[in-house]
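*Asks:*
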Amino acid sequence: MKRSRATKTAAGVSVAVLLLVTGCEVPGVYRPARPATGGPYTFYVSPEGDDRNDGLSPAKPWRTLDHANDVRFEPGDRLRLKGGARFRGSVTLEDDEAGSGTKPVVIESYGTGRATIAPRGTSGITVRNTSGVEIRNLSLVGDRRALREGVGISFRNSLRGTRLDHVRITGVEARGFQNGISLGAEKDGAAGFGDVRITDVSVHHNLEGGLVFYGPRFEADRPAYAHAGLRIERVRAYANSGDPESDRRNTGSGIALGSVRDAKVVRSVAHDNGARSAADAAEGPEGIWVYDSTRVVLENNRSYRNRTGSHVDGGGFGLDNNVSSSVMQYNLAYDNDGPGFLVYSGQATGAHKDNVVRFNMSWDDARKLPEYGGIVAYGTRMKNLQIYHNTVVMRTRGLASAEAAGNRPPALRLRDGMRGVRVHNNILATDGGPLIDAESPYGPGTHRLQGNVYYSTGAWSLRWGDRRFTGLDGWRAASRQETLGGEPTGLDEDPCLPALFAPTTDGAGARNLAPQCPDAGPGGLGPRAMGVDVGPVDYFGSRVTEVRLAGAAQTRPAD
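So in our numbering, the last one in the sequence shown is 560, and the numbering has no gaps at all.
1. Report the partner residues of P489 according to the DSSP bridge assignment.
2. Per DSSP, what kind of secondary structure is N513 in: helix, strand or coil?
3. Figure out for me which residue from T392, T431, N391 and R416 has the closest Cα to the Cα of R561.
4. What residue range does the alpha helix (DSSP H) around R149 cover?
5. Do you know how far the Cα of G151 is from the Cα of G13?
6. Any idea if S304 is buried or exposed, counting beta-carbon neighbours within 10 angstroms, 16 or more meaning buried?
7. If we call anything under 8 angstroms between Cβ atoms a contact, is W461 one with D493?
8. Taking 8 angstroms as the threshold, find out whether the stretch 310 to 322 comes into contact with the stretch 337 to 351 through three or more Cβ pairs.
9. If you run the structure through DSSP and keep just helix, strand and coil, what is L550?
10. Quick check on DSSP: helix, strand or coil for S465?
11. So, for W476: in the same chain, excluding its five sequence neighbours on each side, which residues have a beta-carbon less than 8 angstroms away from its beta-carbon?
12. Given that a residue counts as buried once 16 or more other Cβ atoms are within 10 Å of its Cβ, and exposed if not, what is Q555?
13. Just the Cα atoms here: how many angstroms apart are V270 and N180?
14. Does DSSP classify S543 as helix, strand or coil?
15. Looking only at its chain, what residues have a beta carbon closer than 8 angstroms to the beta carbon of G114, apart from the 5 residues adjacent to it on each side?
16. For R368, name the three-state secondary structure that DSSP assigns.
17. By the three-class DSSP mapping on this structure, what secondary structure does S402 have?
18. Using the Cβ count rule (16 or more neighbours within 10 Å means buried), how would you classify G190?
19. Leaving out five residues before and five after S5 in sequence, what residues of the same chain have Cβ atoms less than 7 angstroms from its Cβ?
20. May I ask you to report which of helix, strand or coil DSSP gives A240?
21. Taking C-alpha atoms, which residue in K61, G510, V168 and N453 lies nearest to M531?
22. Roughly how many whole angstroms lie between the Cα atoms of A227 and P504?
23. Quick check: the stretch 348 to 361 against the stretch 384 to 394, are there 3 or more CB pairs under 8 angstroms?
24. Assuming D201 is part of the alpha helix (DSSP H), what are its boundary residues?
25. If we count the other Cβ atoms within 10 Å of its Cβ and call it buried at 16 or more, is S294 buried or exposed?
26. Taking only the alpha-carbon atoms, compute the straight-line gap between R268 and G487 and give it to the nearest angstrom.
27. By how many angstroms is the C-alpha of V535 removed from the C-alpha of V545?
28. So what does G319 bridge to, in DSSP terms?
29. Going straight from the alpha carbon of N513 to that of R449, what length do you get?
30. Which value, in whole angstroms, describes the spacing of the CA atoms of K9 and T38?
31. Which two residues bound the contiguous alpha helix (DSSP H) that contains D67?
32. Can you name the start and end residues of the beta strand (DSSP E) that A378 belongs to?
33. By Cβ distance, which residues of its chain are closer than 8 angstroms to E246, with the 5 residues on each side in sequence left out?
34. Would you tell me roughly how many angstroms separate the C-alpha atoms of P558 and Y540, rounded to the nearest one?
35. What span of residues does the beta strand (DSSP E) with Y335 cover, start to end?
36. Between which two residues does the beta strand (DSSP E) harbouring V266 extend?
Okay, here's the thing in structure tokens:
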């Protein structure tokens, strides 16, 4: 941690000379914070401490973070802050500190409760061009200036071609900053971080985002990803408001992953984000989303009541520009302004490909923006998208935004720019709104729909290009969809979903989207007919057997 070391050393020399001349003790003599030899060391900081102590025990702690910042932290060292105490200032690790994954530098609380770091208009903890760092059991709270200029925990790498390994952040809360936690590669050609674990973290009431990864601009002819080997688990990202003054980029997302390879986001929650994002922004926030990345899995997450200040985005989950070989599975989205699940490519790079959306649930999404839907897929030069075994319930009767727009959001929306799209074994259910809204009359050569359930408690409605259909048989005959080997597939029978009548706030939650029919429920195609590996389990973790039901639930979940 470098903070005016040269100045401090010079001051120490001057005082030593003065002592030799006068033979008197001079108060305020600078004492090096770290012992000259030995280690690794554990240093303690407490409001009851004294910076003249050696800091090497709870009985003789330092008092301030400023003094701790004079230490050059070496592999294996620990900085421990007294639990329950509040510390003004910040902590910084520079490129000549830490650096060992096998002997990480640890910053953590000791005693009872979390210590709080409260910086003065800056970031709370900053790690620059190094890694081998673990941050545990701390609260970081920003002030009014930090809300515009600071990050709770900031990892930055500006080194070209050198990915820095071993980052651990666990048991941390970050609020009141521009971003709660961010990891970034700061220059073109710079690498980011690898072997990253972020667990049991809460990022909330930040201005632009909760948890953010970013990297250099994506180049489709030479795809490179700054960060690799990420696991993000049990993160709660909420009330990250968005910046009403930022109209040139999106703000207000819960979790946003950019320039990552081989990443998992699991058992995390994003809600009530984006409410104050700019009204005239061309891009909006999402609860949990990915861009410029490959081999990313979003699974077992919830994303709900996410908002947008503008007329774009505001959804639950998203695979955005230049995402490939990625999966959204076992997730629940509900009551979002935008789509429950968005798959989108706005750049003609051809890099958006080979993605899967399966065993997810969307319940009453597109509350503000009826131009979206429960599941929405469209883009430029996007290919090989599989959407199967999802359950979508879309109730829009009396929805104010739909009445104002003169159209109701569908369960599934398909727009132009895609090929190799397969939609199998989904349950699409509405209360009279369109089951599907397709921009063009797609043929089986580019889009293939088979084994889906199309059910409405009101009038049956489906738009296919310029034509509207009021029944499954008529649409099947006109579109050549929902057939296999000359035989009809797909059903329009009642899937017995409580979610068609229960409020989204009902305590049964996702169980409301599981069929409750006395018999097995509506069937779909088997995996051989679909030609895909459906995975080992359904939304509720039940083993997937050879008997395939449509939708995200293969069995009725236990109460």
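Backbone N, C-alpha and C define an ideal beta-carbon position, used for all residues, glycine too.
*Replies:* The relevant details are as follows:
1. Position 488 of the sequence shown, counting from 1, holds the residue named residue 489. Per DSSP, T484.
2. The residue you call residue 513 lines up with position 512 of the sequence shown. Helix, per DSSP.
3. Residue 561 cannot be examined here, being either before or after the span of the chain that is shown, 2 to 560.
4. For the purposes of this step, residue 149 is taken as the residue at position 148 of the sequence shown. Element bounds for R149: A147 to E150.
5. Here the question's residue 13 lines up with position 12 in the sequence shown. Here the question's residue 151 lines up with position 150 in the sequence shown. The predicted position of G13 is uncertain, since its pLDDT is 36 and thus under 50; a value taken from the coordinates is nonetheless stated next. Approximately 32 angstroms, taken between the alpha carbons.
6. Within the sequence shown, numbered from 1, the residue matching residue 304 stands at position 303. The residue in question, S304, is buried, as its Cβ has 16 or more Cβ neighbours within 10 Å.
7. Working through the sequence shown from its first residue, we reach residue 461 at position 460. Working through the sequence shown from its first residue, we reach residue 493 at position 492. Yes, Cβ-Cβ distance for W461 and D493 is below 8 angstroms.
8. Under the three-pair Cβ rule at 8 angstroms, the stretch 310 to 322 counts as touching the stretch 337 to 351.
9. Walking along the sequence shown from the start, residue 550 turns up at place 549. Three-state DSSP puts L550 in a strand.
10. Numbered from its first residue, the sequence shown carries residue 465 at position 464. According to the sequence provided, residue 465 is Trp. The question's Ser does not apply to it. Three-state result, W465: strand.
11. Walking along the sequence shown from the start, residue 476 turns up at place 475. For W476, where only same-chain residues beyond five positions count, the Cβ hits under 8 angstroms are L463, W465, F470, Q482 and E483.
12. Position 554 of the sequence shown, counting from 1, holds the residue named residue 555. With 16 or more other Cβ atoms within 10 Å, it is buried.
13. For the purposes of this step, residue 270 is taken as residue 269 along the sequence shown, with counting starting at 1. For the purposes of this step, residue 180 is taken as residue 179 along the sequence shown, with counting starting at 1. Spanning the two alpha carbons is a distance of roughly 17 angstroms.
14. If you number the sequence shown from 1, residue 543 lands on position 542. Here S543 sits in coil by DSSP.
15. Your numbering for residue 114 matches position 113 in the sequence shown. In the same chain as G114, and ignoring 5 residues on each side of it, the C-beta atoms closer than 8 angstroms to its own belong to G84 and G85, in chain order.
16. Locating residue 368 in the sequence shown gives position 367, where the first residue counts as 1. Reduced to three states, the DSSP call for R368 is coil.
17. Taking the first residue of the sequence shown as position 1, residue 402 is located at position 401. Look at S402 here: in three-state DSSP terms it is helix.
18. In the sequence shown, residue 190 corresponds to position 189, counting from 1. So G190 counts as exposed.
19. For the purposes of this step, residue 5 is taken as residue 4 along the sequence shown, with counting starting at 1. Any reading at S5 must be qualified, since the residue scores a pLDDT of 34, below 50, and its modelled position is unreliable; the value itself is stated next. Excluding positions up to five away in sequence, the list is empty.
20. Stepping through the sequence shown from its first residue, residue 240 is reached at position 239. Residue state, collapsed to three classes: coil.
21. On the sequence shown, position 530 is the one that residue 531 refers to. With distances taken between Cα atoms, M531 lies closest to N453.
22. For the purposes of this step, residue 227 is identified with residue 226 of the sequence shown, where counting begins at 1. For the purposes of this step, residue 504 is identified with residue 503 of the sequence shown, where counting begins at 1. Rounded to whole angstroms, A227 to P504 spans 42 angstroms at the Cα level.
23. yes
24. Mapped onto the sequence shown, residue 201 falls at position 200. No alpha helix (DSSP H) contains D201, which is instead part of the beta strand (DSSP E) from F194 to H205.
25. Sequence index remark: in the sequence shown, residue 294 carries index 293 (1-based). Result: buried.
26. In the sequence shown, residue 268 corresponds to position 267, counting from 1. In the sequence shown, residue 487 corresponds to position 486, counting from 1. Taking the straight line joining both Cα atoms gives about 42 angstroms.
27. Along the sequence shown, one-based indexing puts residue 545 at 544. Along the sequence shown, one-based indexing puts residue 535 at 534. If you take the alpha carbons of V545 and V535, they lie about 8 angstroms apart.
28. As a position in the sequence shown, residue 319 is number 318, starting the count at 1. Its beta-bridge partners are W290 and L343.
29. As a working mapping, residue 513 is identified with position 512 in the sequence shown. As a working mapping, residue 449 is identified with position 448 in the sequence shown. Between N513 and R449, the C-alpha separation is close to 28 angstroms.
30. Position 8 of the sequence shown, counted from the start, is the residue given in the question as residue 9. Position 37 of the sequence shown, counted from the start, is the residue given in the question as residue 38. The predicted model places K9 with a pLDDT of 32, which falls under 50 and marks its position as unreliable; any figure quoted below should be read in that light. Going by C-alpha positions, K9 is about 19 angstroms away from T38.
31. By 1-based counting over the sequence shown, the position of residue 67 is 66. Start and end: L66 to A69.
32. Here residue 378 corresponds to residue number 377 of the sequence shown, with the count starting at 1. That run of the beta strand (DSSP E) goes I376 to G380.
33. Start at 1 with the first residue of the sequence shown, and residue 246 comes out as number 245. Excluding positions up to five away in sequence, the list reads A279.
34. For the purposes of this step, residue 558 is taken as the residue at position 557 of the sequence shown. For the purposes of this step, residue 540 is taken as the residue at position 539 of the sequence shown. Distance between the alpha carbons of P558 and Y540 is about 10 angstroms.
35. Residue 335 sits at position 334 when you count from the first residue of the sequence shown. It spans L333 to Y335 - the beta strand (DSSP E) in which Y335 sits, taken as one unbroken run.
36. In the sequence shown, residue 266 corresponds to position 265, counting from 1. First-last of the beta strand (DSSP E) with V266: V261 to V267.
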